[in-house]
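Engineer: Residue numbers (full-length UniProt numbering): 1 to 137. The structure that follows is given in the form of structure tokens.
Laid out in structure tokens, this is it:
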């Protein structure tokens, strides 16, 4: 049976922060994931995919970008040279390979779209914040 998914309700049920859950997969190539976030995440990039963020609830979500950094360590030293602010209903796509760091002062529900198999910590896979999501559910 086909049914609609309410993003606000689903994100409200996600346990913890920075703990993405699989929502659905499109054409076996792209995964939609939801999460609740609060505080700052780590600098990272995704060398093989763009990453789209949609602010579902709470907010704002600040996407810090370091457009000149090639590594997370460079981004940590340099810091953000651009910041994109997402309020509820806003969407933003981080280009593949760009060092970025999402930050939310308040609890914020987000939807992410990225290639299947992409981990939340990107080029920092294996970090203590890495979450491997079962995308077959």
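For glycine and all other residues, C-beta sits at the position ideal for the given N, C-alpha and C. What you are looking at is a predicted structure, and each value in this text was computed from that prediction instead of being measured.
(1) If I'm right that residue 65 touches residue 81 with Cβ under 8 Å, what's the distance once you round it to whole angstroms?
(2) Report, in whole angstroms, the separation of the C-beta atoms of residue 48 and residue 96, which I expect to be a contact under 8 Å.
(3) For residue 108, which three-state DSSP category applies?
(4) In this structure, does DSSP put residue 33 in helix, strand or coil?
(5) Just reading off the beta strand (DSSP E) that residue 25 is part of, what are its end residues?
(6) Between the Cα of residue 87 and those of 28, 19, 53 and 126, spot the shortest distance and give me the residue it belongs to.
(7) Whole angstroms are fine: how far does the CA of residue 59 sit from the CA of residue 139?
(8) Residue range of the alpha helix (DSSP H) that residue 9 falls in?
(9) Rounded to whole angstroms, what is the Cα-Cα separation between residue 14 and residue 25?
(10) Output the distance between the C-alpha atoms of residue 3 and residue 23, rounded to the nearest integer angstrom.
(11) Quick one, which of 34, 17 and 129 has its alpha-carbon nearest residue 113's?
(12) Under the DSSP definition of a beta bridge, which residues are partnered with residue 92?
Structural biologist: In short:
(1) In the chain shown, residue 65 corresponds to position 65, counting from 1. In the chain shown, residue 81 corresponds to position 81, counting from 1. 7 Å between Cβ atoms; contact.
(2) For this step, residue 48 is matched to residue 48 along the chain shown. For this step, residue 96 is matched to residue 96 along the chain shown. The C-beta distance from residue 48 to residue 96 rounds to 6 Å, short enough to meet the 8 Å contact threshold.
(3) Locating residue 108 in the chain shown gives position 108, counting from the first residue. Residue state, collapsed to three classes: strand.
(4) Counting from one through the chain shown, the residue named residue 33 turns up at place 33. In the three-state DSSP reduction, residue 33 falls in the strand class (E or B).
(5) By 1-based counting over the chain shown, the position of residue 25 is 25. That run of the beta strand (DSSP E) goes 21-26.
(6) Locating residue 87 in the chain shown gives position 87, where the first residue counts as 1. Selected option, being the one with the closest Cα: 53.
(7) This structure gives no information on residue 139, because the portion of the chain shown stretches from 1 to 137.
(8) Within the chain shown, residue 9 is the residue found at index 9, counting from 1. Run containing residue 9: 7-12, per the alpha helix (DSSP H) assignment.
(9) Residue mapping note: residue 14 aligns to position 14 of the chain shown, counting from 1. Residue mapping note: residue 25 aligns to position 25 of the chain shown, counting from 1. Using only the alpha carbons, I get a separation of about 18 Å.
(10) For this step, residue 3 is matched to residue 3 along the chain shown. For this step, residue 23 is matched to residue 23 along the chain shown. Within the model, the alpha-carbon separation for residue 3 versus residue 23 is close to 13 Å.
(11) In the chain shown, counting from the first residue as 1, residue 113 sits at position 113. Looking at the Cα atoms, 34 is the closest of the given residues.
(12) If you number the chain shown from 1, residue 92 lands on position 92. Residue pairing by DSSP puts residue 92 in a beta bridge opposite 53.
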